[in-house]
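One rule links them: number in this note's numbering = place in the sequence shown (from 1) + 149. A virtual CB, placed ideally from N, CA and C, is assigned to each residue, including glycine.
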Amino acid sequence: MRKKIVAGNWKMNKTFDESRVLMNELKSKLNKDTASKVEVVICPPFLCIPAAKEILADTKIMYGAQNIHNRDDGAFTGEISASMLHAIGCEYVILGHSERRQYFNETNHLINFKVIKALEKGVKPILCVGETLEQREQGIEKKIVDEQITLCLKDVCAMDTDNLVIAYEPVWAIGTGKTASPEQAEEMHVEIRKSLENLYNATVAGRTRILYGGSMNDKNAKELLSMNNIDGGLIGGASLKADSFIAIIEAAK
Ligand code: PGA
């Protein structure tokens with residue numbers, strides 16, 4: 150049984166003080182039974198991670214980051230390493246998000262280095278893949294996603310995939326209010342399992358958790374999360390309000 154994960158991608162939102170308010174609200178409102186059945190993760194901006202370490206210490210809510218540099222340390226002004234995240238208790242890091250691919254020119258090749266580094270340092274990657282609207286209209290969405298999976302997981306051994314989570318996020322659904330239908334998402338999740346089976350084996354394909362992301366909210370979560378191959382959600386906008394994020398977590402239970 151794959152345990153469901155609901156992860157919040159706060160993106161570049163919330164000041165330090167605002168983040169504390171939201172973390173405290175999540176902590177007080179999230180039902181303990183729910184938190185033991187669903188893995189709950191928040192990925193706030195780097196600056197707010199110390200607040201997560203303090204506020205979420207005695208809860209089951211985990212925290213992570215939204216990016217890393219692919220090197221251990223050194224003269225890389227403005228960057229944060231996987232070891233730094235590990236040292237402050239980050240369980241996860243979102244890698245290969247389409248916004249990083251689009252605005253920061255991240256390639257599959259670079260993302261691959263980051264995935265390897267995160268795994269090496271004990272931080273679990275949430276590897277994002279997904280096609281643009283143009284690619285879907287051309288009918289090449291499966292090819293694109295298979296290519297992303299294959300290139301981003303190059304040299305990652307089967308054993309390490311235990312600590313890997315994949316998020317299918319069609320770019321056309323992110324922040325647009327246009328969600329993939331449960332059937333559309335399910336179809337792509339099945340394809341991703343096929344890619345994993347080709348790269349590794351049926352065991353890896355069957356145990357890897359694949360999240361859906363792209364305008365998931367408290368209204369559409371239940372239907373999406375009821376599909377066989379959707380193992381949770383990567384939530385942007387709806388993770389910024391405690392009530393909507395908790396409603397999605399409840400739907401995953
Ligand atoms: P959204 O973002 O839920 O606001 O569409 C999801 C994401 O980008 O991870």
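Cβ-heavy atom distance, residue i to ligand 1, below 7 Å
| i | result |
| --- | --- |
| Leu276 | no |
| Glu372 | no |
| Ser364 | yes |
| Ile298 | no |
| Glu318 | yes |
| Asn158 | yes |
| Leu383 | yes |
| His246 | yes |
| Ile379 | no |
| Ala387 | yes |
| Gly288 | no |
| Gly324 | yes |
Nearest-angstrom Cα separation, counted from residue j out to residue i
| i | j | result |
| --- | --- | --- |
| Thr183 | Ala400 | 10 Å |
| Ala351 | Thr299 | 16 Å |
| Asp367 | Gly223 | 43 Å |
| Ala370 | Ile397 | 6 Å |
| Met376 | Asn219 | 34 Å |
| Val187 | Leu360 | 13 Å |
| Glu248 | Cys277 | 10 Å |
| Lys152 | Thr226 | 38 Å |
| Ile243 | Gln215 | 5 Å |
| Gln297 | Lys178 | 37 Å |
| Pro199 | Gly238 | 9 Å |
| Val264 | Pro274 | 6 Å |
| Ile260 | Glu269 | 14 Å |
| Asn347 | Ala267 | 23 Å |
| Asp166 | Met365 | 26 Å |
| Thr328 | Lys303 | 30 Å |
| Tyr349 | Glu336 | 20 Å |
| Ile217 | Glu290 | 27 Å |
| Asn162 | Leu383 | 16 Å |
| Cys301 | Ser393 | 32 Å |
| Ile315 | Arg358 | 6 Å |
| Glu203 | Ser185 | 20 Å |
| Cys197 | Thr310 | 28 Å |
Residue environment, residue i, which counts as buried when at least 16 other CB atoms sit within 10 Å
| i | result |
| --- | --- |
| Leu345 | buried |
| Ala231 | buried |
| Ala354 | buried |
| Arg285 | buried |
| Met150 | exposed |
| Arg356 | exposed |
| Tyr317 | buried |
| His338 | buried |
| Ala322 | buried |
| Ala334 | buried |
| Gly288 | exposed |
Distance between beta carbons of residue j and residue i, contact taken as under 8 Å
| i | j | result |
| --- | --- | --- |
| Pro193 | Ala201 | 6 Å |
| Leu313 | Val272 | Wrong, their Cβ atoms sit about 11 Å apart, outside the cutoff. |
| Ile341 | Val294 | 6 Å |
| Gly385 | Lys160 | 6 Å |
| Glu240 | Gly213 | 6 Å |
| Ser388 | Gly157 | 3 Å |
| Gly363 | Pro331 | About 12 Å separates the two Cβ atoms, so there is no contact after all. |
| Lys209 | Val189 | 7 Å |
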